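Novice: Just so we're aligned, residue 1 is where the sequence shown starts under the UniProt record's numbering, counting upward by one.
Where a beta carbon is used, it is the ideal one built from N, C-alpha and C, also for glycine.
Owing to the predicted nature of the structure, the values given are computational and were not obtained by experimental measurement.
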Amino acid sequence: MQFFSSKFKLGILGGGQLGKMMLYETRKWDIQTKVMDASAEAPCKIACNEFVQGSLMDFDTVYAFGKDVDVLTIEIENVNIDALEKLEHEGIKVYPPTKTLRTIQNKAVQKLFYTDHDIPTAPFTRFAYTSEIKDSINNGGLSLPFVWKSAQFGYDGQGVKVVRKMEDLKDLPNVECIAESMIDFKNELAVVVARNTQGEVKTYPVVEMEFHPEANQVEYVICPARIDDSVAKKAQEVALKVSEHMKHVGLLAVEMFQTKDDQILVNESAPRPHNSGHYSIEAAYTNQFEQHIRAILGLPLGKTDSKVAGIMVNLVGAEGYTGDVVYENIEKILQMEGVTPHIYGKKQTRPFRKMGHVTIVDENMARAREVAQQVKETIKVISK
C-alpha cells in the first residue's frame, strides 16, 4: 500500500499533545490524517487534514469515524473498545489491537495479566468497589499503607492515591479498584518497546523518572538512566517480556520500579507514545512518534539509540493559576544551550495540567541535569 502523498488515511483517536507530536511525523511524510477528539480546542486540530469533534467513548461515533480510515490508532486508552472490535472484525486495521487495549484499559485486568505471565509486579488485591476495602482492613486481609488505584479512567496521576490511614479512603470514588503494596524503591524506570506489524521489535534505552511528590506526575525524564548496566539489561528484558505477551503493535511504554535490592517490578504499561519517550524528539536517531507511525504501517523500525544525553522537563500549570495561559520567562530558557521547548497548544491552564515540555540535550549528563534544574526554576506556567 502507498502511504505517502496518496489517498491513504490514518485515523487517530484522541487529539491531545501525543497526537499533535505524531502529526509532526505524518506532516514530514505527507501522510493524510483524520483525528477525533471531544474538545473543539484540541491541540491536534491545527495539524491534521481532517478534524472531527466527538466522544471517544460513544460506540456509534467511534465506529463511524473508523469506517472512514485505512488504519486506526490511538493516543489515549480511554476509547470505546466495542466499536474498535467491530471495526477490526470488518477488516479495518486497528493498532494497538483491541485485545491489547482491553488488557491495559483496566488496571485490575492489567495486573492480573502480569501475574498470569510471570511478569514481576507489586502484590495487589482487586476490589469490585472501594467500599469493600474497609472490611478487608478490619478483617486483616489488607494492611495500611497501600496504593489505591481506580481500575479504569485514571490518567496523569488521577485515580491514584496513597492510603496511609482509614480517613484517606473517605473521598475516594466507589469504583472497581486495586490496592497495591507500597514498594520501597530506589528508582522509577521506563522502557519504550516498538513492535511493527511484521513482528520486528526494538527497545529504547532505559530512562529514569523523577516524580513530583504531591502531583504524582513525572517532573524529569532522564536518558540514559543513571543505573548499572546489569539493572538496565534486566529492565529491558522485563519490558520485552511484557511486549511479547501483550502482542501489541506500535509502541508500548513499560513503567517499572527498581527495588532496593535491584529487582525490577512492572508498575503499569501504556500502548502508545508516552511522556517517558518525549526526550527522543531531540536526543534519539528515531523519535518515538516516528517509530509509532513506522510500526503501525508495517515499515522497518528506525534506530533507537540516543545521539546525546537527553532530559525532559514537564511544563505543568502552576498551583493557584487557572485561565488563559502565559509562559513566563520562556525567553530566558531559550537563551540556554541545548534547550527546546514544546508548547502543546492548550489555551487554558489549571494546576498540574500538562501544558508542554522542555528537552535539554548535552554530551554531558551532569551538565544537562543542571540546565534542566535551571529550566524548571525559571519557566512558569501561569495565567493572565
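Just list the alpha helix (DSSP H) runs in the segment 43-91, keeping only unbroken ones of 4 residues or longer that don't cross its boundaries, in chain order.
Specialist: Those alpha helix (DSSP H) runs which fall completely within the segment 43-91 and span 4+ residues are 59-67 and 81-89.
Novice: Can you tell me whether residue 385 is buried or exposed? The criterion is at least 16 other CB atoms within 10 Å of its CB, across all chains shown.
Specialist: Limits of the chain in this structure are 1 at one end and 384 at the other, which puts residue 385 out of reach.
Novice: Would you report the Cα separation of MET365 and VAL207, rounded to the nearest angstrom?
Specialist: Answer to the nearest angstrom: the Cα atoms are 13 Å apart.
Novice: When the Cα atoms are used, what is the spatial distance from CYS223 to PRO205?
Specialist: Their Cα atoms are separated by approximately 7 Å.
Novice: To which residues does DSSP link ARG195 through a beta bridge?
Specialist: Looking at the DSSP assignment, ARG195 forms a beta bridge with VAL201 and GLY250.
Novice: Only counting the same chain, and skipping five residues up and downstream in sequence, which positions put a Cβ closer than 8 Å to that of ARG102?
Specialist: Only ILE81 and VAL109 meet the Cβ criterion.
Novice: Are the Cβ atoms of SER383 and GLY323 separated by less than 7 Å?
Specialist: Their beta carbons are under 7 Å apart, which means SER383 touches GLY323 by this criterion.
Novice: What distance in whole Å lies between the Cβ atoms of VAL313 and GLU219, which are believed to be in contact at a cut-off of 8 Å?
Specialist: 7 Å between Cβ atoms; contact.
Novice: In this structure, how does DSSP classify ALA138 when only helix, strand and coil are distinguished?
Specialist: Reading off the sequence, residue 138 comes out as Asn, not Ala. ASN138: helix per DSSP, three-state reduction.
Novice: Let me make sure I understand the geometry here. Which of VAL308, ASN329, GLY317 and VAL326 has the alpha-carbon closest to that of GLU363?
Specialist: With distances taken between Cα atoms, GLU363 lies closest to VAL308.
Novice: Quick one, are the C-beta atoms of ALA38 and PHE59 less than 7 Å apart?
Specialist: Contact flag unset, no.
Novice: In the segment 276-327, which residue ranges form an unbroken alpha helix (DSSP H) of at least 4 residues, counting only runs that do not cross its ends?
Specialist: Complete alpha helix (DSSP H) runs here, min 4: 280-283 and 288-296.
Novice: Looking at THR100: is its Cβ nearer than 7 Å to the Cβ of PRO271?
Specialist: Yes; because the gap between Cβ atoms is below 7 Å, this pair is in contact.
Novice: Helix, strand or coil for TYR24, going by three-state DSSP, please let me know.
Specialist: It is helical.
Novice: CA-CA distance, SER181 and ASN267?
Specialist: About 11 Å.
Novice: In terms of residues, what are the limits of the beta strand (DSSP E) holding TYR220?
Specialist: Looking at the DSSP string, the run of the beta strand (DSSP E) that includes TYR220 is 218-223.
Novice: For ALA190 and ILE92, I'd like the C-alpha separation in whole angstroms.
Specialist: Spanning the two alpha carbons is a distance of roughly 31 Å.
Novice: Check whether the segment 193-202 touches the segment 158-170, taking contact to mean three or more Cβ pairs, one atom from each stretch, closer than 8 Å.
Specialist: With the cut-off at 8 Å, the segment 193-202 and the segment 158-170 do not touch.
Novice: To which residues of the same chain is LYS346 closer than 6 Å at the C-beta, ignoring the five residues directly before and after it?
Specialist: These residues qualify, in order along the chain: MET355.
Novice: Beta carbon of GLU72, beta carbon of GLY11: below 7 Å?
Specialist: The identity of residue 72 in the sequence shown is Leu, whereas the question assumes Glu. Yes, these two residues count as a Cβ contact at 7 Å.
Novice: Going by the beta-carbon positions, is the gap between LEU56 and VAL35 smaller than 7 Å?
Specialist: For LEU56 and VAL35, no; Cβs fall outside 7 Å.
Novice: Would the C-beta of TYR24 count as close to the ligand FAD, meaning under 6 Å from any of its heavy atoms?
Specialist: The model depicted lacks the ligand FAD and carries no ligand whatsoever.
Novice: Using beta-carbon positions only, say whether GLY199 and PRO96 come within less than 7 Å of one another.
Specialist: Against a cut-off of 7 Å, the Cβ pair of PRO96 and GLY199 comes out as no contact.
Novice: Could you tell me the alpha carbon to alpha carbon distance between HIS212 and LEU144, rounded to whole angstroms?
Specialist: Distance between the alpha carbons of HIS212 and LEU144: 23 Å.
Novice: Does the distance from the CB of CYS44 to the CB of LYS7 come in under 7 Å?
Specialist: Their beta carbons are not under 7 Å apart, which means CYS44 does not touch LYS7 by this criterion.
Novice: Pull up the distance between the alpha-carbon of MET256 and that of LYS9, whole angstroms please.
Specialist: Taking the straight line from one Cα to the other gives about 35 Å.
Novice: What's the C-alpha gap between ASN275 and PHE4?
Specialist: C-alpha separation (whole angstroms): 27 Å.
Novice: Between ILE293 and THR26, which are expected to be in contact by the criterion C-beta below 8 Å, what is the C-beta distance as a whole number of angstroms?
Specialist: Yes, they are in contact, since the Cβ atoms of ILE293 and THR26 sit about 7 Å apart, within 8 Å.
Novice: Is the beta carbon of TYR285 closer than 7 Å to that of VAL221?
Specialist: No. Outside cutoff.
Novice: Return the first residue and the last residue of the alpha helix (DSSP H) that THR103 is part of.
Specialist: Element bounds for THR103: 98-105.
Novice: Who are the near neighbours of LEU172 in its chain, counting only those whose CB is closer than 7 Å to its CB and skipping five residues on each side?
Specialist: Around LEU172: THR130, TRP148 and LYS161.
Novice: Cβ atoms of ALA372 and ILE330: under 7 Å apart, would you say?
Specialist: Not closer than 7 Å, so no.
Novice: Kindly list the residues whose CB is nearer than 7 Å to the CB of PHE146, restricted to its own chain and excluding five residues on each side of it in sequence; keep chain order.
Specialist: Closer than 7 Å at Cβ, skipping near neighbours: VAL163, ALA179, GLU180, SER181 and MET182.
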